[in-house]
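Chemist: Position 54, counted from 1, in the sequence shown is what my numbering calls 62; the numbers after and before it change by one each time, with no gaps.
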Amino acid sequence: MERLKSYYYRLGEAPDCQTNDEALILINNVLVEIEDCHSGTLAEEMPGLRFSGRMYPIQEDYIIREENRIIARSKGNEIIIENGGDFIIKDRITDETIIIKTR
Numbered sequence: 009m010e011r012l013k014s015y016y017y018r019l020g021e022a023p024d025c026q027t028n029d030e031a032l033i034l035i036n037n038v039l040v041e042i043e044d045c046h047s048g049t050l051a052e053e054m055p056g057l058r059f060s061g062r063m064y065p066i067q068e069d070y071i072i073r074e075e076n077r078i079i080a081r082s083k084g085n086e087i088i089i090e091n092g093g094d095f096i097i098k099d100r101i102t103d104e105t106i107i108i109k110t111r
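1. Straight-line CA distance for residue 33 to residue 10?
2. Compare the C-alpha of residue 40 against each of 21, 70, 23 and 62 and name the closest.
3. DSSP on residue 10, reduced to helix/strand/coil?
4. With C-beta atoms as the reference, is residue 98 less than 8 Å away from residue 89?
5. Are the Cβ atoms of residue 111 and residue 92 separated by less than 8 Å?
6. Count the other CB atoms, across all protein chains shown, that sit within 10 Å of the CB of residue 7; report buried if there are 16 or more and exposed otherwise.
7. Work out the CA separation of residue 24 and residue 51 for me, nearest whole Å.
8. Does DSSP put residue 99 in a helix, in a strand, or in coil?
9. I need the DSSP call for residue 86, collapsed to helix, strand or coil.
So this is what it looks like as structure tokens:
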């Protein structure tokens, strides 16, 4: 849980993104940085779907690009990234908003 708090905090404090692709890169890179530092588990090149104790960036097959925005799904979250780089992360089960990042 502390890793997730650190992740969301770092996303909130990160510089604003100008495009949806830039925001997706930020979302994935911050997750990798947090996991490299705090998970205690080395990254696997092809982790598959089994839980290894480490969170991984969003895989390309869980990313939809439509109407100038990106919709990405991870195990627990849905991420909607607008064309200008603004994004919202929601819990997939409760639909609760976890973080909104706007310019």
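Yeah, the Cβ is synthetic: ideal placement off N, Cα and C, and Gly gets one too. The structure displayed is predicted, hence computed values, not measured ones.
Modeler: The short version:
1. Cα to Cα, the separation comes out at about 22 Å.
2. 62
3. Three-state DSSP puts residue 10 in a helix.
4. no
5. yes
6. Here the chain covers residues 9 to 111 and nothing more, so residue 7 does not appear.
7. Rounded to whole angstroms, the gap between the alpha carbons of residue 51 and residue 24 is 27 Å.
8. Residue 99: strand per DSSP, three-state reduction.
9. In this structure, residue 86 counts as strand in the three-state DSSP scheme.
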